[in-house]
Every structure is written in C-alpha cells, then in structure tokens.
Amino acid sequence: MFFRAVIFLILIFLLYKVLKSFQENRLVKDKDGKSASPRIAGEDLVEDPVCHRHIPVSQAFKKDIAGKAHYFCGKDCLEKYISANQR
Ligand SMILES: [Zn+2]
Numbered sequence: 003m004f005f006r007a008v009i010f011l012i013l014i015f016l017l018y019k020v021l022k023s024f025q026e027n028r029l030v031k032d033k034d035g036k037s038a039s040p041r042i043a044g045e046d047l048v049e050d051p052v053c054h055r056h057i058p059v060s061q062a063f064k065k066d067i068a069g070k071a072h073y074f075c076g077k078d079c080l081e082k083y084i085s086a087n088q089r
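For the sequence shown, my numbering assigns the number 3 to the initial residue and increments by one for each residue that follows.
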C-alpha cells in the first residue's frame, strides 16, 4: 500500500511539472506575440519628410512628387515641402 502511494505522489508531481512547463511556454508565446505587433492593427507607419512624425498610411496625406509617393501628416507639411522644393 505504501509503495502505491509513493508512485501516485510521483505521478502527481510529474503531472504538475508538465502542466507548469506548458503554462510557461504559453506565457512566453504571448509575450512574443505582443512584441511582434507594436503597430496599430498591422498598419504601416510612414514618415513625414517635413516634421519627421510617423503617421499611419490611412491617415497620411499622399502626394506623388517626381514619380515618388510622399506622405505628410497634414496639408501644412505638404505645402511646406512643395514650397521648399520649388526654391
Ligand atoms: Zn508633418
């Protein structure tokens, strides 16, 4: 009877260890998942060449200048950029 109790305790201990390692693995995965997606809903950020702010593409002012797409945080920066390039 004593022998069976010892085996039972060892099995419980092993089960506990396995469950604990599963939990730890899951915590690590959760942390990785969060750090891998710091962006807002997977959206790309673009840099404003005038004020150097980073804006999500959907909120940025897009303007093609000399065949290249430029993104601005607002009309003010767009106008500043155009007048600066004209000089
Ligand atoms: Zn700007």
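Don't be surprised by glycine CBs; every beta carbon is placed ideally from N, CA and C.
In this text the structure is predicted, and so the values were computed from the model without any measurement.
- Collapsing the DSSP output to three states places residue 71 in a strand.
- Residue 27 and residue 8 have their C-alpha atoms some 29 Å from each other.
- As a beta-bridge residue in DSSP terms, residue 48 pairs with 57.
- For residue 86, the enclosing alpha helix (DSSP H) covers residues 77–88.
- Between ligand 1 and the CB of residue 46, the shortest heavy atom gap is not smaller than 7 Å.
- In this model, residue 23 and residue 5 are separated by some 27 Å (Cα to Cα).
- Secondary-structure assignment with DSSP links residue 63 through a beta bridge to 74.
- By the Cβ-count criterion, residue 54 is exposed, with fewer than 16 other Cβ atoms from all chains shown falling within 10 Å of its own Cβ.
- Looking at 85, 25, 80, the one whose alpha-carbon comes closest to that of residue 49 is 80.
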